[in-house]
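Read the structure below first, then the notes.
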Amino acid sequence: MQGIEMARRFYEDAVKPVIESEFSPYADRIAVGLVGHGSECFGFDDEISKDHDFEPSLCIWIDEESEREFGFRLFRTYTKLQKEYSQINTTEKSLRGSDSRGVMTISDFYRQYTGRDGAPETLKDWVYTPSYYLAEAVNGQVFCDPYGRFTEIRDKIKNGMPEDARLKKIASCAFHMAQSGQYNYKRCLSHGELGAARLALSDFVKSAIDMVFLLNRRHTPYYKWSFRAMRELEILGQGAFELERLINKSGDQALEISREIEKFCACVISELIRQGLSDSHTDYLENHAYSINGRIKDHELRNSHIML
């Protein structure tokens, strides 16, 4: 059983009945789900994942007024229910695992991912907040949210990135892909710098993954899950297999690696043009990066350095 299913059963069997009985006057102010840090929140947990933080657990979100009014009583009730319901003793606790579960305020939950009480607010917030934080803020499932405040913020983070911020990130990815993959990979090999060439290839793959997520209007998760999550994307998602093969090729396959880099860049360029993000007609992504950047309406962001 995966963690998200175990969490839902815990909610349906134990938590929901108690909320409806003991907390009935406040039930319309309590949101419950499983969202945040951990493979189970992405639906990527497996047998190996059970060696730590594997137990029935939930996130219970309330606002500040509710926290003052009945938060401590809800916390004690949840802790008791979890202890009684759990039949699994985890052998290890990760650094962040248990701290991101249980009763918390909505603002406390989102603050750990955005640094604010809710969604990013300014263009700089959207551009510079790490994508994997935003991905963790919107993964998993919300089992109930009668008040709707938690889901409102969740939807804004998931779907509300301003286009200028997306364009800046896409332009930066295109620039990195050009510099690391189309130019410096071969350049490093020519200098005999094999380690640097491998770093250039790694940077290209990372930037390519970020690019694909942005083209799908999605946030890239933590690198541990980026390939797996990319395979599920509609636009260029199957390119995850190509990028994974690429990064695993040996150093004596340099010519083949270079060809594969150019092939993937060509696919990205086609999509950039299809989405109306670039009007460049070259096969070098740096030119497309400047074309994309030129579409940014905000003067300050448009004129900031193209490399993030």
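Residue -19 is where the sequence shown starts when you use our numbering, and the numbers rise one by one after that. Every residue gets a Cβ at the ideal spot worked out from N, C-alpha and C, and that includes glycine.
message: Give me, in chain order, the residues of the same chain whose beta-carbon lies closer than 8 angstroms to that of residue 227; leave out the 5 immediate sequence neighbours on both sides.
response: 181, 182, 185
Straight-line Cα distance separating residue 86 from residue 43: 6 angstroms
message: Distance check for residue 167 and residue 117, CA to CA, integer angstroms please.
response: 39 angstroms
Three or more C-beta pairs below 8 angstroms linking the region 53 to 67 and the region 18 to 28: no
Inter-residue CB distance, residue 165 and residue 241 (contact presumed, cutoff 8 angstroms): 7 angstroms
- prompt: residue 223 and residue 247 look like a contact to me (Cβ under 8 angstroms); what is the Cβ gap, rounded to whole Å?
  reply: Rounded, the Cβ-Cβ distance is 11 angstroms, inconsistent with contact.
Runs of beta strand (DSSP E) lying entirely within the region -11 to 69, each at least 3 residues, in chain order: 11 to 14, 39 to 42
- request: Kindly list the residues whose CB is nearer than 6 angstroms to the CB of residue 150, restricted to its own chain and excluding five residues on each side of it in sequence; keep chain order.
  value: 194, 272
field: N- and C-terminal bounds of the beta strand (DSSP E) containing residue 83
entry: 82 to 85
- prompt: residue 103: which of 127, 141, 113 sits nearest, CA to CA?
  reply: 141
query: Can residue 113 and residue 93 be called in contact, C-beta distance under 9 angstroms?
result: yes
message: residue 249 and residue 265 - do their beta-carbons sit closer together than 9 angstroms?
response: yes
- request: Would you kindly work out how many angstroms separate the C-alpha atoms of residue 72 and residue 144, rounded to a whole number?
  value: Below a pLDDT of 50, predicted positions are generally treated as unreliable, and residue 72, at 47, falls in that range; the measurement from the model is reported next regardless. About 43 angstroms.
message: I'd like the span of the beta strand (DSSP E) that includes residue 248, first residue to last.
response: Careful: residue 248 lies outside any beta strand (DSSP E), inside the alpha helix (DSSP H) at 234 to 254.
- request: Assign residue 107 to one of three DSSP states: helix, strand, or coil.
  value: helix
task: Count the other CB atoms, across all protein chains shown, that sit within 10 Å of the CB of residue 239; report buried if there are 16 or more and exposed otherwise.
output: exposed
- request: Just mark residue 90 as buried or exposed, buried being the case when its beta carbon has 16 or more other beta carbons within 10 Å.
  value: buried
task: Within 10 angstroms of the Cβ of residue 287, are there 16 or more other Cβ atoms? Answer buried if so, exposed if not.
output: exposed
query: Under the three-state reduction of DSSP, which class applies to residue 118: helix, strand or coil?
result: coil
message: Please classify residue 69 as buried or exposed, where buried requires at least 16 neighbouring CB atoms within 10 angstroms.
response: With a pLDDT of 46 at residue 69, under the threshold of 50, the modelled position of this residue cannot be trusted; read the value that follows with caution. Exposed is the call here.
message: Could you tell me which whole alpha helix (DSSP H) segments of length 4 or greater appear in the region 162 to 236?
response: 165 to 170, 174 to 195, 203 to 210, 219 to 228
- request: Mind reading off the beta-carbon distance from residue 276 to residue 147? Whole number of angstroms is fine, and I expect it under 8 angstroms.
  value: 5 angstroms
Beta-carbon proximity of residue 219 to residue 244, cut-off 9 angstroms: yes
- request: Have a look at the DSSP bridge pairing and note the partners of residue 124.
  value: 12
Residue 265, enclosing alpha helix (DSSP H) - first and last residue: 265 to 273
message: Taking the beta carbon of residue -19 as the centre, do at least 16 other beta carbons fall within 10 Å, making it buried, or is it exposed?
response: exposed
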